[in-house]
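Student:
In the numbering used here, the protein residues as written are 143 to 298.
1) Hey, out of 223, 243, 267, whose CA is closest to residue 249's CA?
2) With a Cβ-Cβ cutoff of 8 Å, do residue 251 and residue 285 count as a contact?
3) Looking at the structure shown, is residue 188 part of a helix, part of a strand, or coil, going by DSSP?
4) So residue 283 is in the beta strand (DSSP E); what residue range does that whole segment cover?
5) Determine the burial state of residue 232: buried for a count of at least 16 other Cβ atoms within 10 Å of its Cβ, exposed for fewer.
6) Do residue 147 and residue 167 have their C-beta atoms closer together than 8 Å?
7) Check this for me: beta carbons of residue 246 and residue 264, under 8 Å apart or not?
8) Considering only residues of the same chain and omitting the five flanking positions on each side of residue 144, which have a CB-CB separation below 6 Å?
9) CB-CB under 8 Å to residue 229, same chain, minus the five flanking residues each way: which ones, in chain order?
10) Do the region 195–203 and the region 211–227 meet, that is, are 3 or more Cβ pairs less than 8 Å apart?
11) First and last residue of the beta strand (DSSP E) that includes residue 290?
12) Between residue 184 and the rest of its own chain, which residues show a CB-CB distance below 6 Å, the 5 nearest in sequence each way excluded?
13) Can you tell me which residues form a DSSP beta bridge with residue 163?
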């Protein structure tokens with residue numbers, strides 16, 4: 143039997159001015175704000191909005207229902223998840239069981255972090271390898287599995 147082969151590509155996206163995309167990527171049905179950079183080997187699915195002046199680094203996966211604010215950095219290998227296995231296993235395509243993720247402005251997410259369906263306020267740094275499983279409502283630096291508040295910081 144012959145396998146079903148689908149191509150990666152850029153389909154049905156909206157872009158602001160001066161967006162940079164390094165191929166190969168798989169972008170479809172998403173919105174990218176002005177000045178945003180998308181590195182290679184990134185997938186951004188439909189119903190995702192990325193704000194202005196963001197950087198989505200290589201090998202990151204941004205699933206449906208994610209909103210990323212302005213001036214954010216999503217480092218290498220960051221994974222977003224919209225299915226929290228509410229029924230004890232995968233939703234298996236039942237999108238009504240998925241949940242949204244909202245990332246505020248000026249949020250930096252370190253390499254290989256995993257972001258479950260949560261809200262993260264403005265001015266947050268997530269450490270590399272962290273797992274964010276609960277809303278973050280206070281600006282500062284968070285790290286670990288699960289991610290916990292480490293300390294505040296002041297922006298210049």
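Each residue gets a CB set at the ideal place from its N, CA and C atoms; glycine is no exception.
Tutor: Let's see:
1) 267
2) no
3) coil
4) Where residue 283 is concerned, the enclosing beta strand (DSSP E) starts and stops at 282–285.
5) Around the beta carbon of residue 232, fewer than 16 other beta carbons sit within 10 angstroms, so the residue counts as exposed.
6) no
7) Here residue 246 is near residue 264, since their CB atoms are less than 8 Å apart.
8) There are no such residues.
9) 239
10) yes
11) 290–293
12) 167, 198, 202
13) 180
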